[in-house]
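Down below is the structure, laid out as C-alpha coordinates.
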(Lines of atoms letter the chains of each structure in order from A; the text may use other names.)
(Lines give C-alpha, C1' and ligand atoms only; values in the text may rest on other atoms or scores of the structure.)
Protein backbone atom coordinates (compact mmCIF):
# COMPACT_ATOMS: atom_id res chain seq x y z
CA UNK A 1 0.00 0.00 0.00
CA UNK A 2 1.48 3.34 -1.01
CA UNK A 3 1.41 6.42 1.26
CA UNK A 4 -0.06 9.64 -0.07
CA UNK A 5 2.64 12.27 -0.35
CA UNK A 6 1.60 15.86 0.43
CA UNK A 7 3.72 18.35 -1.36
CA UNK A 8 5.04 21.59 0.16
CA UNK A 9 3.00 23.52 -2.34
CA UNK A 10 -0.22 21.95 -0.94
CA UNK A 11 0.67 22.73 2.71
CA UNK A 12 1.62 26.39 2.28
CA UNK A 13 -1.97 27.72 1.83
CA UNK A 14 -3.10 25.86 4.97
CA UNK A 15 -0.21 27.25 7.03
CA UNK A 16 -0.97 30.73 5.79
CA UNK A 17 -4.64 30.32 6.77
CA UNK A 18 -3.72 29.13 10.28
CA UNK A 19 -1.33 32.06 10.77
CA UNK A 20 -4.00 34.47 9.56
CA UNK A 21 -6.53 33.08 12.08
CA UNK A 22 -4.02 33.41 14.94
CA UNK A 23 -3.24 36.98 13.92
CA UNK A 24 -6.94 37.82 13.81
CA UNK A 25 -7.48 36.37 17.30
CA UNK A 26 -4.58 38.43 18.65
CA UNK A 27 -5.97 41.55 17.00
CA UNK A 28 -9.44 40.97 18.46
CA UNK A 29 -7.96 40.41 21.93
CA UNK A 30 -5.87 43.60 21.67
CA UNK A 31 -8.91 45.58 20.50
CA UNK A 32 -11.04 44.20 23.36
CA UNK A 33 -8.40 45.15 25.92
CA UNK A 34 -8.09 48.58 24.32
CA UNK A 35 -11.85 49.22 24.43
CA UNK A 36 -12.02 47.90 28.00
CA UNK A 37 -9.28 50.32 29.02
CA UNK A 38 -11.02 53.21 27.25
CA UNK A 39 -14.35 52.24 28.91
CA UNK A 40 -12.74 52.19 32.37
CA UNK A 41 -11.16 55.59 31.81
CA UNK A 42 -14.45 56.98 30.50
CA UNK A 43 -16.36 55.48 33.47
CA UNK A 44 -14.08 57.02 36.10
CA UNK A 45 -14.25 60.36 34.31
CA UNK A 46 -18.05 60.26 34.06
CA UNK A 47 -20.62 61.26 36.74
CA UNK A 48 -21.90 57.67 37.09
CA UNK A 49 -18.65 56.62 38.79
CA UNK A 50 -19.91 58.43 41.89
CA UNK A 51 -23.09 57.91 43.90
CA UNK A 52 -25.89 59.70 42.07
CA UNK A 53 -28.75 59.37 44.54
CA UNK A 54 -29.50 57.81 47.94
CA UNK A 55 -32.87 56.70 49.30
CA UNK A 56 -33.89 55.13 52.60
CA UNK A 57 -36.68 52.60 53.12
CA UNK A 58 -38.17 50.91 56.18
CA UNK A 59 -37.65 53.85 58.54
CA UNK A 60 -40.72 54.80 60.60
CA UNK A 61 -39.14 56.87 63.33
CA UNK A 62 -35.65 58.00 62.35
CA UNK A 63 -35.43 60.72 59.72
CA UNK A 64 -34.10 59.55 56.35
CA UNK A 65 -31.56 62.38 56.12
CA UNK A 66 -30.26 61.47 59.58
CA UNK A 67 -29.74 57.88 58.42
CA UNK A 68 -27.97 58.95 55.22
CA UNK A 69 -25.67 61.28 57.14
CA UNK A 70 -24.81 58.56 59.66
CA UNK A 71 -23.98 56.09 56.87
CA UNK A 72 -21.19 58.34 55.66
CA UNK A 73 -22.24 57.83 52.03
CA UNK A 74 -22.50 61.03 50.00
CA UNK A 75 -22.82 62.00 46.36
CA UNK A 76 -19.04 62.45 46.36
CA UNK A 77 -18.51 58.79 47.27
CA UNK A 78 -17.01 56.71 44.46
CA UNK A 79 -19.21 53.70 43.76
CA UNK A 80 -16.33 51.20 43.64
CA UNK A 81 -14.80 52.56 46.86
CA UNK A 82 -18.06 52.54 48.83
CA UNK A 83 -17.58 50.46 52.01
CA UNK A 84 -21.05 49.02 52.61
CA UNK A 85 -19.96 46.97 55.63
CA UNK A 86 -18.58 50.02 57.39
CA UNK A 87 -21.71 52.05 56.60
CA UNK A 88 -24.02 49.29 57.90
CA UNK A 89 -21.99 48.97 61.11
CA UNK A 90 -22.20 52.72 61.60
CA UNK A 91 -26.00 52.70 61.21
CA UNK A 92 -26.49 49.96 63.82
CA UNK A 93 -25.01 52.36 66.37
CA UNK A 94 -28.47 53.93 66.42
CA UNK A 95 -30.39 52.15 69.22
CA UNK A 96 -33.51 52.37 67.03
CA UNK A 97 -32.05 50.24 64.21
CA UNK A 98 -32.40 46.47 64.49
CA UNK A 99 -30.77 45.65 61.15
CA UNK A 100 -29.76 47.33 57.90
CA UNK A 101 -28.68 46.45 54.37
CA UNK A 102 -27.19 48.75 51.74
CA UNK A 103 -27.76 47.96 48.07
CA UNK A 104 -26.16 49.45 44.96
CA UNK A 105 -28.66 49.69 42.11
CA UNK A 106 -27.49 50.23 38.52
CA UNK A 107 -25.89 52.46 37.61
CA UNK A 108 -25.16 54.55 40.72
CA UNK A 109 -28.19 54.61 43.02
CA UNK A 110 -27.80 53.58 46.67
CA UNK A 111 -30.72 52.10 48.62
CA UNK A 112 -30.43 51.92 52.42
CA UNK A 113 -32.92 49.45 53.90
CA UNK A 114 -33.44 49.56 57.67
CA UNK A 115 -35.54 47.65 60.17
CA UNK A 116 -36.35 49.55 63.35
CA UNK A 117 -37.36 48.39 66.81
CA UNK A 118 -40.95 49.14 67.79
CA UNK A 119 -41.64 51.77 70.41
CA UNK A 120 -43.48 50.55 73.50
CA UNK A 121 -43.60 53.83 75.41
CA UNK A 122 -41.78 56.98 76.42
CA UNK A 123 -39.36 57.46 79.28
CA UNK A 124 -38.28 60.50 81.23
CA UNK A 125 -34.52 60.86 81.63
CA UNK A 126 -32.79 63.91 83.12
CA UNK A 127 -35.87 66.02 82.49
CA UNK A 128 -36.14 65.06 78.81
CA UNK A 129 -38.49 62.60 77.11
CA UNK A 130 -37.17 59.78 74.89
CA UNK A 131 -38.81 56.80 73.16
CA UNK A 132 -38.56 53.46 74.94
CA UNK A 133 -37.83 50.68 72.45
CA UNK A 134 -38.94 47.05 72.53
CA UNK A 135 -35.28 46.09 72.99
CA UNK A 136 -35.24 47.87 76.36
CA UNK A 137 -32.94 50.56 74.96
CA UNK A 138 -33.73 54.26 75.09
CA UNK A 139 -34.05 55.99 71.71
CA UNK A 140 -31.66 58.67 70.51
CA UNK A 141 -34.07 61.49 69.72
CA UNK A 142 -35.87 63.71 72.21
CA UNK A 143 -39.65 63.79 72.07
CA UNK A 144 -42.51 65.79 73.48
CA UNK A 145 -45.21 64.27 75.68
CA UNK A 146 -47.85 65.33 73.19
CA UNK A 147 -46.50 62.95 70.53
CA UNK A 148 -47.96 59.47 70.22
CA UNK A 149 -45.72 56.84 71.69
CA UNK A 150 -47.51 54.99 74.47
CA UNK A 151 -47.31 55.39 78.25
CA UNK A 152 -44.73 57.69 79.82
CA UNK A 153 -42.43 56.05 82.37
CA UNK A 154 -41.34 58.28 85.23
CA UNK A 155 -38.84 57.80 88.08
CA UNK A 156 -37.22 54.79 86.38
CA UNK A 157 -33.47 55.19 86.87
CA UNK A 158 -32.11 51.63 87.03
CA UNK A 159 -31.70 49.68 83.80
CA UNK A 160 -32.94 46.48 85.49
CA UNK A 161 -36.37 47.96 86.16
CA UNK A 162 -36.49 49.61 82.73
CA UNK A 163 -35.83 46.22 81.12
CA UNK A 164 -38.56 44.53 83.19
CA UNK A 165 -40.99 47.33 82.36
CA UNK A 166 -40.19 46.94 78.65
CA UNK A 167 -40.74 43.18 78.72
CA UNK A 168 -44.11 43.72 80.39
CA UNK A 169 -45.20 46.47 77.99
CA UNK A 170 -44.40 44.26 74.99
CA UNK A 171 -46.84 41.66 76.35
CA UNK A 172 -49.67 44.13 77.01
CA UNK A 173 -52.24 44.34 74.17
CA UNK A 174 -51.81 47.57 72.23
CA UNK A 175 -55.32 48.85 73.01
CA UNK A 176 -54.70 48.50 76.77
CA UNK A 177 -51.18 49.90 76.48
CA UNK A 178 -52.51 52.98 74.71
CA UNK A 179 -55.01 53.51 77.53
CA UNK A 180 -52.13 54.12 79.98
CA UNK A 181 -51.04 57.74 80.39
CA UNK A 182 -48.14 57.30 82.84
CA UNK A 183 -46.34 54.57 84.75
CA UNK A 184 -44.55 55.83 87.85
CA UNK A 185 -41.99 53.67 89.62
CA UNK A 186 -43.06 53.88 93.27
CA UNK A 187 -41.39 51.17 95.41
CA UNK A 188 -42.65 50.44 98.91
CA UNK A 189 -41.07 48.76 101.93
CA UNK A 190 -42.72 45.48 100.97
CA UNK A 191 -42.45 45.66 97.16
CA UNK A 192 -39.48 47.12 95.31
CA UNK A 193 -41.31 46.51 92.02
CA UNK A 194 -44.39 48.57 92.90
CA UNK A 195 -45.69 50.94 90.19
CA UNK A 196 -48.58 53.38 89.93
CA UNK A 197 -50.39 53.71 86.61
CA UNK A 198 -52.43 56.76 85.66
CA UNK A 199 -54.98 55.77 83.04
CA UNK A 200 -56.42 57.98 80.32
CA UNK A 201 -59.95 57.30 81.59
CA UNK A 202 -59.18 58.80 85.02
CA UNK A 203 -58.62 55.63 87.03
CA UNK A 204 -55.43 54.86 88.95
CA UNK A 205 -53.91 51.39 89.06
CA UNK A 206 -51.51 50.10 91.71
CA UNK A 207 -49.57 47.03 90.61
CA UNK A 208 -46.28 45.20 90.84
CA UNK A 209 -44.03 45.43 87.80
CA UNK A 210 -43.29 41.73 87.39
CA UNK A 211 -46.97 40.77 86.93
CA UNK A 212 -48.15 43.95 85.23
CA UNK A 213 -49.04 42.39 81.86
CA UNK A 214 -50.84 39.45 83.48
CA UNK A 215 -52.96 41.71 85.71
CA UNK A 216 -53.71 44.43 83.16
CA UNK A 217 -55.37 42.03 80.75
CA UNK A 218 -58.31 42.10 83.20
CA UNK A 219 -58.49 45.91 83.18
CA UNK A 220 -61.25 46.26 80.52
CA UNK A 221 -63.41 43.73 82.38
CA UNK A 222 -62.86 45.48 85.74
CA UNK A 223 -63.76 48.99 84.58
CA UNK A 224 -66.83 47.68 82.74
CA UNK A 225 -68.23 46.78 86.18
CA UNK A 226 -67.47 50.18 87.72
CA UNK A 227 -69.39 53.45 87.61
CA UNK A 228 -67.49 55.58 85.03
CA UNK A 229 -68.40 58.68 87.05
CA UNK A 230 -66.89 57.23 90.22
CA UNK A 231 -63.14 57.28 89.70
CA UNK A 232 -60.70 55.69 92.09
CA UNK A 233 -57.82 53.27 92.65
CA UNK A 234 -57.80 49.73 91.27
CA UNK A 235 -55.33 47.78 93.38
CA UNK A 236 -53.79 44.83 91.51
CA UNK A 237 -50.72 44.28 93.67
CA UNK A 238 -51.86 41.10 95.41
CA UNK A 239 -55.53 40.51 94.75
CA UNK A 240 -57.78 42.96 92.96
CA UNK A 241 -60.04 45.52 94.61
CA UNK A 242 -61.36 49.03 93.99
CA UNK A 243 -61.55 52.05 96.26
CA UNK A 244 -63.09 55.31 95.05
CA UNK A 245 -61.27 58.61 95.49
CA UNK A 246 -64.30 59.92 97.43
CA UNK A 247 -64.09 57.11 99.98
CA UNK A 248 -60.34 57.65 100.35
CA UNK A 249 -60.88 61.36 101.00
CA UNK A 250 -63.64 60.61 103.53
CA UNK A 251 -61.40 58.11 105.29
CA UNK A 252 -58.54 60.61 105.46
CA UNK A 253 -60.87 63.31 106.81
CA UNK A 254 -62.24 60.91 109.40
CA UNK A 255 -58.76 59.89 110.53
CA UNK A 256 -57.73 63.53 110.66
CA UNK A 257 -60.78 64.37 112.80
CA UNK A 258 -60.07 61.53 115.19
CA UNK A 259 -56.53 62.75 115.54
CA UNK A 260 -57.67 66.31 116.36
CA UNK A 261 -60.05 65.07 119.06
CA UNK A 262 -57.25 63.21 120.75
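Residue numbers (UniProt numbering): 1 to 262.
Ideal Cβ positions, reconstructed from N, Cα and C, are used throughout, including at glycine.
- Under the Cβ criterion (8 angstroms, minimum of three pairs), the segment 13-33 does not count as touching the segment 74-81.
- For residue 224, the enclosing alpha helix (DSSP H) covers residues 219-224.
- The three-state secondary structure of residue 243, taken from DSSP, is strand.
- Below 8 angstroms, too few C-beta pairs join the segment 157-168 and the segment 87-95 to call them touching: fewer than three.
- Taking all protein chains shown into account, residue 238 has fewer than 16 neighbouring C-beta atoms within 10 Å of its C-beta and is therefore exposed.
- With contact defined as three or more Cβ pairs closer than 8 angstroms, the segment 202-218 and the segment 227-235 are in contact.
- Going by beta carbons, residue 116 and residue 59 fall inside the 8 angstroms limit.
- The three-state secondary structure of residue 150, taken from DSSP, is coil.
- DSSP lists 208 as the bridge partner or partners of residue 194.
- Counting along the chain, the unbroken beta strand (DSSP E) around residue 101 starts and ends at 97-105.
- Beyond the five residues adjoining it in sequence on each side, residue 70 comes within less than 8 angstroms, by CB distance, of 90, 91, 93, 94 in the same chain, given in chain order.
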